[in-house]
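Working notes, beginning with the structure itself.
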Amino acid sequence: MNMGAKEKLEAMLNVALRVPSIMLLDVLYRWDVSSFFQHIQRSNLNNNPLFQYKYLALNMHYVGYILSVVLLTLPRQHLAKLYLYVVTALLLYTGHQISRDYVRSELESGYEGPMHLEPLSMNRFISALVGQLVVCTLCSCVMKTKQIWLFSAHMLPLLARLCLVPIETIVVINKFAMIFTGLEVLYFLASNLLVPFNLAKSAYRELVQVVEVYGLLALGMSLWNQLVVPVLFMVFWLVLFALQIYTYFSTRDQPTSRERLLFLFLTSIAECCSTPYSLLGLVFTVSFVALGVLTLCKFYLQGYRAFMNDPAMNRGMTEGVTLLILAVQTGLIELQVVHRAFLLSIILFIVVASILQSMLEIADPIVLALGASRDKSLWKHFRAVSLCLFLLVFPSYMAYMICQFFHMDFWLLIIISSSILTSLQVLGTLFIYVLFMIEEFRKEPVENMDDVIYYVNGTYRLLEFLVALCVVAYGVSETVFGEWTVMGSMIIFIHSYYNVWLRAQLGWKSFLLRRDAVNKIKSLPIATTEQLEQHNDICSICYQDMNSAVITPCSHFFHAGCLKKWLYVQETCPLCHCQLKSLSQQTVAESGTTVNPPPDGRAANPPPETTGTGGDAAPAETGPEQSRAESAQNRDAQSPQYTETEPIGDSVHRDTGGLECGAELARISDAEVFGQGRAEVCGGM
């Protein structure tokens, strides 16, 4: 067995051995000691001395909690040994049960003669002997010892019967065998009595050392990772859910209808979240389900490259935390099963809406980058568009189903609004994708494409703002004229701040940035034909030839559209990083056709000796031309807004020259400026 498989097996064993401790905690939480003793008092067990000491049983209840914590925190090696000891004890008990059943059957038959003369007696003896030998062998293997006689006391009644000992004496021998085995167990416990104390002492010493060196936070993270808490609680909850489903179908003879299956699913989940431990199990299960869905989404869009480019996948904790907060605030575990199932259906709708939003956050930059990358792969485009269509249709269908089955209130309106917003965002993404594809099939790029994309983004962002505003208005009216709750008021406040106030600020800031950029471009002088011929260079942003250009106060030439998009991000010159807003723009306007030299005193427009065939200006031998190339290199090294990322599609060169990231900047939409969360579609193309 290689090391990888061995580590995986040890990790699975680590989780499987600790699941019973969580199940014991869950059972102890469900067990009501007071009602249990009331039931004992009404039954025949009231005279039993064991049940007459109530406080002893209460202390045993707390001992159960201590035992569960010990089982949960024991090191894996010691935990495996403990389970082996428990298995050995169960095997010994099984051996004595076999002996007792054999002695009882012999008493009932009353035959004391030789066994080979009585076939039934011989069959009973052989069956009991085989069972006892199997038990002894298993005990020897589990304890890893060759002293098999230590586990053979329960075979004494069989040996006595083989020696034709009277039945009454065999009964006494059977009791002696049980006492002997009990003494063996007591001796083993006494010899290992100090083991728990030594383990606790060493664990305490190690904990103190870790806390002194690394602190409590590091200790908590270490225990979290060693115990694999999320996987542990998920496995525990899945076991509970499987037992619940098995119990239901084992007691039903008729086939279950489709509607009944949905009700069974919800009620089974409700039954499996009636304690804090099972609720945590459901939270981690939902988190892993969300992680699986989001991982499949990325794999469907990008294949195996999704894991190479982004190894830190979304862990799905947002959905799990959402479920936990809603369950705690609504008192889910305190409700009856039917009410709990109804409330769970609403909470699960919210979780599904959150998963759909996370899927859109994954798909949106990939779809936009694919539309701008000139990738000709039809399969890639089909996967992207099909996922967007699913995210467009399914939230709308979910909102329709909610309106059909539930009475409208503030919580449901939040779910419906989230679904509507998801559909609106998908519509905007698809529209921009279509615009990119239309531009791709045109012979010449659309000159005002960025304005069109800005208006598209502005339209659906405005619709999102109106939907959020309607939700807030409905929540305020329900709070004022209906039942007021602290939780509802907090939700309204949070929703108003994040979905109304911040969106309004973001939209207004985007509008001001765009207006300032347009005003700056209009205030810059336009280069004449003579200046363009004298400059004889390409645009340093998009690396394309310049048939028209504007001149910055620092005497650099750029396409007006390219410079405007640059000014959306920062107000500096792309080459020399001079602050355009602080320089006097009247200097260039008053100079007429004369171009001012840059601040460092170098000539701005020296005639280049040669021009590269790929569209990039070849380095000239003159000092000014070399300084311009150095400025371009400095701009690439210093500008943090346009760093290269991993390409999503294969880059295809235009006929006008070699295209890299700069050419894609000419196609970049204003999605980054208008709203956060859009992809930088120029990255890595």
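For the sequence shown, counting from 1, position 553 maps to 553 in full-length UniProt numbering; every step adds exactly one. Where a beta carbon is used, it is the ideal one built from N, C-alpha and C, also for glycine. Because the structure is a prediction, the values reported are computed rather than measured.
Q: Just mark Ala203 as buried or exposed, buried being the case when its beta carbon has 16 or more other beta carbons within 10 Å.
A: exposed
Q: Using the DSSP secondary-structure output, state which residues sit across from Ile526 in a beta bridge.
A: Its beta-bridge partners are Val550.
Q: Alpha carbon to alpha carbon, how far is Tyr433 from Gln570? Give it in angstroms, no decimals.
A: 26 Å
**Q.** DSSP-derived helix/strand/coil call for Thr330
**A.** helix
Q: Mind checking who Thr572 pairs with in its DSSP beta bridge?
A: Gln579
Q.
Give me the residue from Ile98, Val86, Gln357, Ala128 with the minimum Cα distance to Val185.
A. Of Ile98, Val86, Gln357, Ala128, the residue nearest in Cα terms is Val86.
Q: Compute the Euclidean distance between the alpha carbons of Tyr460 and Cys470, then round it to the nearest angstrom.
A: 15 Å
Q.
If the criterion is Cβ atoms closer than 7 Å, does the pair Leu426 and Cys388 meet it?
A. Residue 426 is actually Val in this sequence, not Leu. In contact: Val426 and Cys388 (Cβ atoms closer than 7 Å).
Q. Are the beta-carbon atoms of Ala270 and Ala341 separated by less than 7 Å?
A. Taking C-beta atoms as the reference points, Ala270 and Ala341 count as a pair closer than 7 Å.
(Q) Cutting at 8 Å between CB atoms, please list the residues of its own chain near Pro114, excluding the five before and the five after it. (A) Leu164
Q: Flag this pair as touching only if the region 168-187 and the region 82-97 have three or more C-beta atom pairs under 8 Å; answer yes or no.
A: yes
Q | Where Phe481 falls: helix, strand or coil (DSSP) | A | Here Phe481 sits in helix by DSSP.
Q) Quick one: Cα of Thr572 to Cα of Ala517, how far? A) 11 Å
Q: Starting from the C-beta of Phe236, find all residues in its chain whose C-beta is less than 7 Å away, skip the five residues before and the five after it, and write them out in chain order.
A: Val19, Ile22, Met23, Gly281
**Q.** Proximity below 7 Å, CB of Val351 to CB of Leu324
**A.** Taking 7 Å as the Cβ cut-off, Val351 and Leu324 do not qualify as a contacting pair.
Q: Report yes or no: is there a C-beta of chain C within less than 7 Å of the C-beta of Val134?
A: Here chain C cannot be found, since the structure has a single protein chain.
Q | Terminal residues of the alpha helix (DSSP H) in which Gly95 lies | A | 76-109
Q) Looking at the structure shown, is Asp537 part of a helix, part of a strand, or coil, going by DSSP? A) coil
Q | Where Phe441 falls: helix, strand or coil (DSSP) | A | helix
Q. Can you tell me the Cα-Cα spacing of Leu348 and Phe382, whole angstroms?
A. 30 Å
Q.
Could you give the first and the last residue of the continuous alpha helix (DSSP H) run that contains His381?
A. 378-405
Q. Hey, how far is the Cα of Phe410 from the Cα of His61?
A. 43 Å
Q. Do Ser345 and Leu266 have their CB atoms nearer than 7 Å?
A. Taking 7 Å as the Cβ cut-off, Ser345 and Leu266 qualify as a contacting pair.
Q: Flag this pair as touching only if the region 73-87 and the region 5-19 have three or more C-beta atom pairs under 8 Å; answer yes or no.
A: A contact exists between the region 73-87 and the region 5-19.
Q. Quick one, which of Glu118, Pro196, Asp32, Leu162 has its alpha-carbon nearest Leu79's?
A. For the residues Glu118, Pro196, Asp32, Leu162, the minimum Cα distance to Leu79 belongs to Pro196.
(Q) Using CA atoms only, rank isn't needed, just tell me which of Met122, Phe151, Lys146, Lys144 is closest to Gln132. (A) Phe151
Q: Keeping to the same chain, check which residues put their C-beta closer than 6 Å to that of Ile173; ignore five residues upstream and five downstream.
A: Leu156, Pro157, Ala160
Q) Are the region 133-140 and the region 104-124 touching, with three or more C-beta to C-beta distances below 8 Å? A) no
(Q) Only counting the same chain, and skipping five residues up and downstream in sequence, which positions put a Cβ closer than 7 Å to that of Glu478? (A) Phe410
(Q) Along the chain, where does the alpha helix (DSSP H) containing Asp545 start, and where does it finish? (A) No alpha helix (DSSP H) contains Asp545, which DSSP labels as neither H nor E.
Q: Note the first and the last residue of the continuous alpha helix (DSSP H) segment covering Cys141.
A: In the DSSP assignment, Cys141 falls within the alpha helix (DSSP H) that extends over 119-143.
(Q) Quick check: the Cα distance between Glu212 and Ala218, rounded to an integer number of angstroms? (A) 10 Å
Q. What residue from Phe406, Val367, Gln404 has the CA that sits closest to Leu391's CA?
A. Val367
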